[in-house]
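Residue numbers (this note's numbering): -8 to 266.
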Amino acid sequence: MTGDATPINRANWDVWAAAHGQDSYYDGQGLVAGADSLTDVERAGLASAAGDVSGLDVLHVQCHLGFDSISLARRGARVTGVDFSPVALEKARDLAARCGADVRFLEADATGLPSALHGRFALAYATIGILCWIEDIDAWMASVAATLRPGGRLLLIDGHPLWQMTNGLDPLVLDFPYAFDGPHRFTASESYAASASPTTTVQFAHSLGEIVTAAIGAGLRVVRLDEHLESPMDVGRDHTPDADGRYRFRVSGQSLPMLYTLIAEREDHGSPPAT
Ligand SMILES: C[S@@+](CC[C@H](N)C(=O)[O-])C[C@H]1O[C@@H](n2cnc3c(N)ncnc32)[C@H](O)[C@@H]1O
């Protein structure tokens, strides 16, 4: 199915990337004026995974319009952004130029990142809207892990699989499985950020167990896994925030997870012992 899903999803992302960039989700003017695009969950994940990123080589995986690539470059990181949508990358390059940010953008499929990127990065940063587009998460983890130096870390923040199951919240409607069971096609007349022409996407469910197991299978050591019972954004559900501006997913008054943060490290096996 990878062969079928990839061109369908790339075409979808080209349409959505063309529509994004000056909306309440992607505020291009604000970014050019100096706004930081990282949410508090991303800032906390970054601090926990890498501390100060100044001077670090950072790979921004599935960078879309490069908002976070630019925000990471403003923190002093040497950033490479990768995405498979040429339309997104064209906008990302233009935005980086308008921001005066030095970011390299490269077109590549995240499940097969080029060998030129291997072993180079202290941090692979992939956040919010990542794995539902990926059929083979073992391939994704192996591809991203290969870009890390020994001791380098993956910071993956994404929609929690339980949250991904939901379509409506009131009443609660589940239209997506918890764990992988093959492709799911959706046709949407708008994106999560802006109105766009109707497009089809192919999405895949991955349970938290499948995600952590894929990271371990790629030779990564899991440093931490946090499940977030609140979110700074509604992550595409037209959801009303609480009075503190945070979004929560409550069923029978109990909060369920909306996002998770996974930090995993490429182990440094050091030099082979002298014989
Ligand atoms: C929700 S966006 C990225 C999230 C980012 N936090 C943002 O909001 O800017 C998802 C991105 O993943 C990219 N993408 C999806 N599947 C991909 C793949 N197999 N390889 C590379 N990029 C992919 C899309 O082109 C899109 O730009």
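Glycine residues also receive a C-beta, built at the ideal position from the N, C-alpha and C atoms. Keep in mind it's a predicted model, so treat the numbers as computed, not measured.
Measuring only the C-alpha atoms, how far is residue i from residue j?
i           : j           : result
residue 100 : residue 159 : 31 Å
residue 127 : residue 136 : 14 Å
residue 218 : residue 150 : 10 Å
residue 202 : residue 9   : 30 Å
residue 249 : residue 220 : 6 Å
residue 91  : residue 211 : 35 Å
residue 82  : residue 167 : 31 Å
residue 259 : residue 188 : 47 Å
residue 244 : residue 232 : 15 Å
residue 247 : residue 24  : 36 Å
residue 43  : residue 143 : 14 Å
residue 97  : residue 169 : 32 Å
residue 84  : residue 45  : 21 Å
residue 162 : residue 185 : 24 Å
residue 164 : residue 241 : 13 Å
residue 141 : residue 222 : 32 Å
residue 197 : residue 206 : 13 Å
residue 130 : residue 29  : 27 Å
residue 139 : residue 255 : 11 Å
residue -8  : residue -1  : Confidence is the limiting factor: at residue -8 the pLDDT is only 46, short of 50, which leaves the residue's position unreliable and the question unanswerable from this model.
residue 132 : residue 95  : 22 Å
residue 123 : residue -3  : 12 Å
residue 171 : residue 111 : 31 Å
residue 4   : residue 204 : 28 Å
residue 180 : residue 148 : 26 Å
residue 93  : residue 62  : 11 Å
residue 266 : residue 69  : In this prediction, residue 266 scores a pLDDT of 46, lower than 50, which makes its location untrustworthy; no coordinate-derived value is stated.
residue 213 : residue 253 : 8 Å
residue 235 : residue 77  : 38 Å
residue 11  : residue 75  : 16 Å
residue 178 : residue 39  : 37 Å
residue 173 : residue 238 : 29 Å
residue 20  : residue 71  : 22 Å
If I'm right that residue i touches residue j with Cβ under 8 Å, what's the distance once you round it to whole angstroms?
i           : j          : result
residue 295 : residue 56 : No statement about residue 295 is possible, as the shown extent of the chain runs from -8 to 266 and does not include it.
residue 50  : residue 73 : 7 Å
residue 113 : residue 59 : With a Cβ gap of about 16 Å, residue 113 and residue 59 do not count as contacting.
residue 86  : residue 22 : 7 Å
Using CA coordinates, which residue listed in the options is at the minimum distance from residue i?
i           : options            : result
residue 115 : 146, 96, 92        : 146
residue 54  : 118, 3, 23         : 118
residue 103 : 134, 125, 60       : 134
residue 215 : 224, 222, 199      : 199
residue 64  : 239, 77, 26, 237   : 26
residue 6   : 237, 191, 213, 235 : 191
residue 195 : 209, 240, 125, 132 : 125
residue 2   : 236, 237, 193      : 193
residue 183 : 252, 105, 224, 69  : 224
residue -5  : 239, 176, 181, 20  : 176
residue 251 : 110, 106, 120, 4   : 120
residue 105 : 52, 69, 234        : 52
residue 208 : 70, 257, 236       : 257
residue 66  : 76, 75, 77, 41     : 41
### the region 151 to 160 contacting the region 219 to 238, beta-carbon criterion three pairs below 8 Å
Contact between the region 151 to 160 and the region 219 to 238 is present, because at least three Cβ pairs lie under 8 Å.
### Query
In chain order, what residues place their C-beta within less than 5 Å of a heavy atom belonging to ligand 1?
Those residues that have a beta carbon less than 5 Å away from any non-hydrogen atom of ligand 1 are, in order along the chain, 4, 53, 55, 74, 75, 76, 79, 100, 101, 118, 119, 120, 124.
### Query
Are three or more beta carbon pairs between the region 31 to 45 and the region 12 to 19 nearer than 8 Å?
The region 31 to 45 makes no contact with the region 12 to 19, as fewer than three CB pairs between them are under 8 Å.
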